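Novice: Have a look at this one.
2 protein chains.
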Amino acid sequence: MKINNLINHTTEWLRGTGPNSDVVISTRIRLARNLTGFPFPHKAGKIQSGEILKTIKTIVSSVDLLKKTTVFALSELSGIDRQFLVERHLMSLEFARASNNKAIIIDDEEILAIMVNEEDHLRIQVVQSGFNLFEVFNIINKVDDILSQEVNFAFLPDWGYLTTCPTNTGTGMRASVMLHLPALVMSNSINRILEAIAKLSFTTRGLYGEGTKAHGNFFQVSNQVSLGHTEEEILQNLNGLIRQVIGQEKSMREVLLSRNHAFLEDRIWRAFGILKSAHLISSEELIELLSMVRLGVDLGMIKEINARTVNELFLITQPAHLQKIEEKKLSARERDLKRAEVLRQKLQ
Amino acid sequence: MKINNLINHTTEWLRGTGPNSDVVISTRIRLARNLTGFPFPHKAGKIQSGEILKTIKTIVSSVDLLKKTTVFALSELSGIDRQFLVERHLMSLEFARASNNKAIIIDDEEILAIMVNEEDHLRIQVVQSGFNLFEVFNIINKVDDILSQEVNFAFLPDWGYLTTCPTNTGTGMRASVMLHLPALVMSNSINRILEAIAKLSFTTRGLYGEGTKAHGNFFQVSNQVSLGHTEEEILQNLNGLIRQVIGQEKSMREVLLSRNHAFLEDRIWRAFGILKSAHLISSEELIELLSMVRLGVDLGMIKEINARTVNELFLITQPAHLQKIEEKKLSARERDLKRAEVLRQKLQ
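So the protein sequences, as listed, match chains A and B. If you read the first sequence in the working numbering, its first letter stands for residue 1, the second for the next number, and so on. If you read the second sequence in the working numbering, its first letter stands for residue 349, the second for the next number, and so on.
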């Protein structure tokens, strides 16, 4: 697989399918793992990080489950390519910034991604569309098992998996669910929900993970606690919480539909109209508008396009994606122009 | 002619033709005239105002130039019909409120309108699309001459025509030009222009005359002074002023096109996109959006519709017009829904 092939590929988690996909965009689990006998990445020298990368590459090429993956050395990727992978949620922003013996392993469906020599030696991620916590866990668990057979992970019976940052120690697991909650936002109920989530020791973030703001009614909810609970317990708790939130969003959609039908219809169709006709559009505004269009699709109001198309528009209008489509560097203003052009093409 | 026939009729001043019609919507002149031997309308009794109406009706039916007109007694018009005529700029809002011996005389093209027993015994109006001060004056002058042959107008050599309100004494003439000045508004140059207009003793108003605010970049400029100058002088002064404003608007459009092309294109196409897709739209927002679309048409960006269609949309989406289309009373919210529906139908 080549990076450029991904441009025309709809990553699995954007397919708009899976359980509760009218509220849940995607479910993601990542595991932090470190190899015994090596210092944590920020303390490891060139030779040590090189050895880790070599070990992992060997495993990937020999293990059946990982054969349909490609290893990309970060040193061989351009700045735009790295940002491109960040936009596809295949690697973190911090990881993209340095390249020394760092690599990213991606499977053809973009379901599995393994960052090598990130904050931990390995950051394994599995992501799928819709609300699929246990299925996603089953997949990542298999990958974890296979890797455990090939290398020794740093693990202490009392502590669990050891990680660079103590917040990840224990299970080393972070499970995240990307929610689309337009009705809770429009009805001003979202703050109450976010407060409840925080009180239950879960974290809410924006579309691009840690440190990013929620835009266009998208909220990523994940576990904060990794230590002192089993993976099963963490997933059960998160599962219960997300089911609650999904229920509340769905009832609020019903309320809006029955009490504010014209208002809702107006917001949705205006957003669609602007996306089809604007000539300059920022990524922030785009997310707000696509959020409304996505709601329109989910409510059955908009039938011209489906959830998958909306999701694809989210992705291909991101800065690095636009620059890969145009095959050159673009200034912020040029991107706003190109973004609007791509939208008009795709929607007309 | 019946009132209802007007719904499908494009009044002459909305045809979007005539000189400088890319900046000037319409040119309007009205003359205030009173008959000798009768008190001014607010002092006239029922019998007197009835006699005035009878006199005028007789003239209208016998004079060739006025044969293609219809007399509507206000007492026979419903509230919606009256508002409908106000929206078509055929009569004033104040006039529409009372009905005692009031009548409106309209020609088939809606170029000529005579209000009987308004603030003065007669308010004669001629309106045409584009910038046509002298042609409009020629037409109204002929009507005035013909009426003068049939009745005696209150006139003193030192004062000119006598009117109920002293501000109209003298020529009794008010000449107004409806300007569309989006580029001067967008470039924040409009206040400088409006101040200059005020200093030269001209008045600026909104779309619906006295006491109305400017909306959507539409400004109606008219003479304030009626006394101490001949009609010719007033028209020459107004003509010079308007030519200046037209020139400034046109150069500013050129500047915007060359320096802010994408911004302008974006504003225009978004407005068009919203008009085509909204499900709720207020008349204020409509005017703002149609103003942008009109600019798009005038600049040759939008080719799907022409100026006449834009102007028709202005008119048929007014409250009374919507209610006549729907053939029933509509609340403000119902009108916002119907307005959006009419727009979607006409633009798709």
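Glycine included, every Cβ here is placed at the ideal spot set by N, Cα and C. On a predicted model such as this, the values are computed, not experimentally measured, just so you know.
1. Run through chain E and tell me which residues come within less than 7 Å of Lys415(B), C-beta to C-beta.
2. Which residue marks the beginning of the beta strand (DSSP E) containing Ala278(A), and which one marks its end?
3. Taking only runs that begin and end inside the stretch 111-185 of chain A, name each unbroken beta strand (DSSP E) of 3 or more residues, in chain order.
4. Would you say Leu256(A) lies against chain B (beta-carbon separation less than 8 Å)?
5. Under 8 Å between C-beta atoms, does Lys624(B) make it to chain A?
6. In this structure, what does DSSP give as the bridge partners for Phe432(B)?
7. Residues of chain A with a CB under 7 Å from the CB of Glu613(B): which are they?
8. Check for me: the beta strand (DSSP E) holding Ala103(A) runs from which residue to which?
9. For Gly273(A), go through chain B and note every residue whose CB falls closer than 9 Å to its CB, in chain order.
10. Tell me whether Thr384(B) sits in a helix, a strand or coil according to DSSP, three-state version.
11. Less than 8 Å between CB atoms is the rule here; does Leu53(A) satisfy it with respect to chain B?
12. What residues in the stretch 326-340 of chain A have a beta carbon less than 9 Å from any beta carbon of chain B?
13. When you compare each of Leu604(B), Leu414(B), Val525(B), Arg436(B) to Ala531(B) by their alpha carbons, which one comes out closest?
14. Return the CA-CA distance between Leu413(B) and Gln497(B), expressed in angstroms with no decimal places.
15. At a cut of 8 Å, does the stretch 442-450 of chain B reach the stretch 330-348 of chain A through at least three beta carbon pairs?
16. Bridge partners for Leu379(B) per DSSP, in chain order?
17. For chain B, find out if any of its Cβ atoms is closer than 8 Å to the Cβ of Ala183(A); answer yes or no.
18. Taking C-beta pairs closer than 7 Å, name the residues in chain B that Ala32(A) reaches, listed in chain order.
19. Extract the residue ranges of the alpha helix (DSSP H) inside the stretch 188-272 of chain A, only unbroken runs of 4 or more that lie entirely within it.
20. Who are the Cβ neighbours of Thr704(B) in its own chain at under 8 Å, not counting the five residues just before and after it?
21. Is Ala461(B) near the ligand GDP, going by C-beta to nearest heavy atom under 7 Å?
22. Ser599(B): buried (16+ other C-beta within 10 angstroms of its C-beta) or exposed?
23. Going by the DSSP bridge assignment, what does Ala421(B) pair with across the sheet?
24. Check each candidate in Val419(B), Phe386(B), Ile494(B), Met640(B) and name the one with the smallest Cα separation from Glu458(B).
25. When you compare only the Cα positions, how much space is there between Thr204(A) and Met301(A)?
26. How many angstroms separate the CA atom of Leu194(A) from the CA atom of Ile673(B)?
27. Looking at C-alpha atoms only, which residue of Leu647(B), Leu401(B), Glu360(B), His390(B) is the closest neighbour of His437(B)?
28. Determine whether the Cβ of Ala444(B) lies closer than 8 Å to any Cβ atom of chain A.
29. Nearest to Val310(A) by alpha carbon, out of Glu231(A), Lys43(A), Arg15(A), Leu85(A)?
30. Since Ile104(A) contacts Arg33(A) with CB under 8 Å, what's their CB separation in whole angstroms?
31. With 16 as the cutoff for other CB atoms within 10 Å, does Leu156(A) come out buried or exposed?
32. Using a threshold of 8 Å, state whether the C-beta atoms of Ile59(A) and Leu35(A) are closer than that.
33. Examine the Cβ distances between the stretch 387-396 of chain B and the stretch 317-324 of chain A and report whether three or more of them are shorter than 8 Å.
34. Between Ala262(A) and chain B, is any beta-carbon pair separated by less than 8 Å?
35. Out of Ser570(B), Gly366(B), Leu548(B), which has the shortest C-alpha to C-alpha gap to Gly520(B)?
Specialist: Taking the coordinates as given:
1. No chain E is present in this structure, whose protein chains are A and B.
2. Within the first sequence, the letter at position 278 stands for residue 278(A). Element bounds for Ala278(A): n/a, residue is neither H nor E.
3. 112-116, 122-129, 173-180
4. Counting from 1 along the first sequence, the entry for residue 256(A) is found at position 256. No, no contact with chain B.
5. Translated into the one-based positions of the second sequence, residue 624(B) becomes position 276. Yes, Lys624(B) counts as interfacial toward chain A.
6. Numbered from its first residue, the second sequence carries residue 432(B) at position 84. Bridge partners of Phe432(B): none, in fact.
7. Stepping through the second sequence from its first residue, residue 613(B) is reached at position 265. When 7 Å is used as the limit between beta carbons, Glu613(B) is near these residues of chain A: His279, in chain order.
8. By 1-based counting over the first sequence, the position of residue 103(A) is 103. Run containing Ala103(A): 103-107, per the beta strand (DSSP E) assignment.
9. Taking the first sequence and counting its residues from 1, one reaches residue 273(A) at position 273. The contacting residues are Arg618, Phe620, Gly621, Ile622, Leu623, Lys624, Ser625, Ala626.
10. As a working mapping, residue 384(B) is identified with position 36 in the second sequence. Residue state, collapsed to three classes: coil.
11. The residue given as residue 53(A) occupies position 53 in the first sequence. For Leu53(A), the answer is no, since every Cβ of chain B falls outside 8 Å of its Cβ.
12. Arg333, Asp336, Leu337, Ala340
13. Residue 531(B) sits at position 183 when you count from the first residue of the second sequence. Nearest option by C-alpha distance: Leu604(B).
14. Your numbering for residue 413(B) matches position 65 in the second sequence. Your numbering for residue 497(B) matches position 149 in the second sequence. Answer to the nearest angstrom: the Cα atoms are 13 Å apart.
15. No, because fewer than three Cβ pairs between the stretch 442-450 of chain B and the stretch 330-348 of chain A fall closer than 8 Å, the two stretches do not touch.
16. As a first step, residue 379(B) must be located in the second sequence, where it is residue number 31. According to the DSSP secondary-structure assignment, Leu379(B) is paired through a beta bridge with Ile472(B), Met521(B).
17. As a working note, residue 183(A) is residue 183 in the first sequence. Among the CB atoms of chain B, none fall inside 8 Å of the CB of Ala183(A).
18. Numbered from 1 along the first sequence, position 32 holds the residue referred to as residue 32(A). Per Cβ cutoff of 7 Å: no residues; Ala32(A) is ~45 Å from chain B at best.
19. 190-199, 231-259
20. Absent from the model: residue 704(B). The displayed extent of chain B is 349 to 696, so no value can be given.
21. The ligand GDP is absent from the structure shown, which contains no ligand whatsoever.
22. Your numbering for residue 599(B) matches position 251 in the second sequence. Ser599(B) should be labelled exposed.
23. In the second sequence, residue 421(B) corresponds to position 73, counting from 1. For Ala421(B), which the question treats as bridged, DSSP gives the partners Ala451(B).
24. Within the second sequence, the letter at position 110 stands for residue 458(B). Glu458(B) has its Cα closest to that of Val419(B), out of Val419(B), Phe386(B), Ile494(B), Met640(B).
25. Against the first sequence, residue 204(A) aligns to sequence position 204. Against the first sequence, residue 301(A) aligns to sequence position 301. The straight-line gap from Cα to Cα measures roughly 29 Å.
26. Residue mapping note: residue 194(A) aligns to position 194 of the first sequence, counting from 1. Residue mapping note: residue 673(B) aligns to position 325 of the second sequence, counting from 1. So the alpha carbons of these two residues sit roughly 48 Å apart.
27. By 1-based counting over the second sequence, the position of residue 437(B) is 89. Among Leu647(B), Leu401(B), Glu360(B), His390(B), the Cα nearest to that of His437(B) is on Glu360(B).
28. Residue 444(B) sits at position 96 when you count from the first residue of the second sequence. Output row for Ala444(B): interface = no.
29. By 1-based counting over the first sequence, the position of residue 310(A) is 310. Distances from the alpha-carbon of Val310(A) to those of Glu231(A), Lys43(A), Arg15(A), Leu85(A) put Arg15(A) closest.
30. What you label residue 104(A) is simply residue 104 of the first sequence in a count that begins at 1. What you label residue 33(A) is simply residue 33 of the first sequence in a count that begins at 1. About 15 Å; that fails the 8 Å criterion.
31. As a working mapping, residue 156(A) is identified with position 156 in the first sequence. By the 10 Å Cβ count, Leu156(A) comes out exposed.
32. Counting from one through the first sequence, the residue named residue 59(A) turns up at place 59. Counting from one through the first sequence, the residue named residue 35(A) turns up at place 35. Going by C-beta atoms, Ile59(A) is not nearer than 8 Å to Leu35(A).
33. no
34. As a working note, residue 262(A) is residue 262 in the first sequence. Yes, its Cβ sits closer than 8 Å to a Cβ of chain B.
35. The residue you call residue 520(B) lines up with position 172 of the second sequence. Cα-wise, what sits closest to Gly520(B) is Ser570(B).
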